[in-house]
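**Student:**
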Amino acid sequence: RAAKSKYKRILLKLSGEALTGDAEFGIDPQVLDRMALEIGQLVGIGVQVGIVVGGGNLFRGAALHEAGMERVTGDHMGMLATVMNALAMRDALERSNIRSRVMSAIPMSGVVEHYDRRTGIRYLTSGDVVLFSAGTGNPFFTTDSAACLRGIEIDADVVIKATKVDGVYDRDPVKHPEAQKYERLTYDECLDQKLGVMDLTAICLVRDHDMPVRVFNMNKPGALLNLVMGGKEGTLIDR
Ligand code: UDP
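Using full-length UniProt numbering, the first residue of the sequence shown is number 16, and each one after it goes up by one.
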């Protein structure tokens, strides 16, 4: 069954904001349930799914710093926020009978497992969804970088970044209706044109390791499955 999908192992990046839904802040359980459904479809056809969740719906280090907090403390809070989101996501997945595990880059004994690459790969191979939380474990990084890092580490076929719009555009499509979508971009075009798809650290990482990235709209029902089956969704970034 898995032979039909284009990708056997994926790393899906879900931003914290994506979990908020229509609410202003926090987590919308209905959004999580919908995502669990989409992820379950992949698991159902034998795709191995690793997930990195963001934390921007709760805390962002840079924003806390602007409000006067020490940056590193803010980043620690941001990373803890990603663990909360991962717990909520695991809860939704398990409620849909999708076996899942949370690993954290920061040890948090009694709450979640500490990240270990080989163990994570073993879980993926056995069909469990693995949520990699706490980003990279280091301040001054983003969960986009964490997604690229984990994707490369677990030898994923692709890093898939879920956004609210259908790919990468030449300008903000929400503000500019005439914005043009890119079907495909090279790593260097992303860097040179400062398209803001991901931070530069993340793009340099995938470029150095030739890891393809696909940016797509997670709010479009069925898009994730279509993408994994080889359909044209969003924007492909590669060499
Ligand atoms: N963060 C960090 N190191 C990492 C990943 C995340 O310090 O490796 C912190 C950082 O403060 C960031 C916050 O966690 O602002 C939440 O992550 P991010 O902003 O990437 O979440 P998203 O925008 O995807 O919701």
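Note that CB positions come from ideal geometry on N, CA and C, so glycine has one too.
Can you check whether the CB of Thr151 is closer than 7 Å to the CB of Ala120?
**Tutor:** On the sequence shown, position 105 is the one that residue 120 refers to. On the sequence shown, position 136 is the one that residue 151 refers to. Their beta carbons are under 7 Å apart, which means Ala120 touches Thr151 by this criterion.
**Student:** Using a threshold of 6 Å, is the CB atom of His156 nearer than that to any non-hydrogen atom of the ligand UDP?
**Tutor:** Taking the first residue of the sequence shown as 1, we reach residue 156 at position 141. The amino acid occupying residue 156 in the given sequence is Phe; His does not appear at that position. Yes, the ligand UDP has a heavy atom inside 6 Å of this Cβ.
**Student:** Look at the alpha carbon of Met244 and the alpha carbon of Leu27, and state the distance between them as a whole number of angstroms.
**Tutor:** As a working note, residue 244 is residue 229 in the sequence shown. As a working note, residue 27 is residue 12 in the sequence shown. Those two C-alpha atoms are separated by around 15 Å.
**Student:** Pull up the distance between the alpha-carbon of Ala17 and that of Met84, whole angstroms please.
**Tutor:** Position 2 of the sequence shown, counted from the start, is the residue given in the question as residue 17. Position 69 of the sequence shown, counted from the start, is the residue given in the question as residue 84. Confidence at Ala17 is low in this model, with a pLDDT of 46, below 50, so the placement of that residue is unreliable and no value is reported for it.
**Student:** Buried or exposed, going by whether 16 or more other CB atoms sit within 10 Å of the CB of Ser141?
**Tutor:** As a first step, residue 141 is located in the sequence shown; it is residue number 126 there, counting from the start. Its Cβ having fewer than 16 others within 10 Å, Ser141 is exposed.
**Student:** Residues in its own chain within less than 6 Å of Val67 by CB, not counting five upstream and five downstream?
**Tutor:** To locate residue 67, count along the sequence shown from 1; it is residue 52. Lys28, Phe147, Thr158, Ala161, Ala162, Arg165, listed in sequence order.
**Student:** Given Gln56, which residues of its chain have a CB within under 7 Å of its CB, disregarding the five upstream and five downstream residues?
**Tutor:** The sequence position of residue 56 within the sequence shown is 41, counting from 1. For Gln56, where only same-chain residues beyond five positions count, the Cβ hits under 7 Å are Leu240.
**Student:** Quick one: give me the first and last residue of the alpha helix (DSSP H) that Ile121 is part of.
**Tutor:** Start at 1 with the first residue of the sequence shown, and residue 121 comes out as number 106. Looking at the DSSP string, Ile121 is not in any alpha helix (DSSP H), and its letter there is neither H nor E.
**Student:** Can you give the Cα-Cα distance for Asp214 and Val221, rounded to whole angstroms?
**Tutor:** Locating residue 214 in the sequence shown gives position 199, counting from the first residue. Locating residue 221 in the sequence shown gives position 206, counting from the first residue. Approximately 11 Å between the Cα atoms of the pair.
**Student:** Tell me the residue span of the beta strand (DSSP E) that contains Val126.
**Tutor:** Position 111 of the sequence shown, counting from 1, holds the residue named residue 126. From DSSP, Val126 is part of no beta strand (DSSP E); its letter is neither H nor E.
**Student:** Taking only runs of the beta strand (DSSP E) that begin and end inside the segment 21-56, which ones reach a length of at least 3 residues, in chain order?
**Tutor:** If we require 3 residues or more, the beta strand (DSSP E) runs fully inside the segment 21-56 come out as 24-29.
**Student:** Taking C-beta to C-beta, are residue 338 and Val183 nearer than 7 Å?
**Tutor:** Lying before the first or after the last residue shown, residue 338 is absent from the chain, which here runs from 16 to 254.
**Student:** Out of Leu102, Asn153, Gly89, Ala96, state which residue places its alpha-carbon closest to the alpha-carbon of Leu47.
**Tutor:** Residue numbering aside, residue 47 sits at position 32 when the sequence shown is read from its first letter. Comparing Cα positions, the closest option is Leu102.
**Student:** In the DSSP assignment, what are the bridge partners of Leu251?
**Tutor:** If you number the sequence shown from 1, residue 251 lands on position 236. Arg199, Arg229, per the DSSP bridge assignment.
**Student:** Is the CB-CB distance between Ile218 and Tyr197 below 7 Å?
**Tutor:** If you number the sequence shown from 1, residue 218 lands on position 203. If you number the sequence shown from 1, residue 197 lands on position 182. Against a cut-off of 7 Å, the Cβ pair of Tyr197 and Ile218 comes out as no contact.
**Student:** Helix, strand or coil for Val221, going by three-state DSSP, please let me know.
**Tutor:** The residue given as residue 221 occupies position 206 in the sequence shown. Helix.
**Student:** Given the structure, does Met118 come close to the ligand UDP, in the sense that its CB is under 6 Å from one of the ligand's heavy atoms?
**Tutor:** Your numbering for residue 118 matches position 103 in the sequence shown. Not so, every heavy atom of the ligand UDP lies at least 6 Å from the Cβ.
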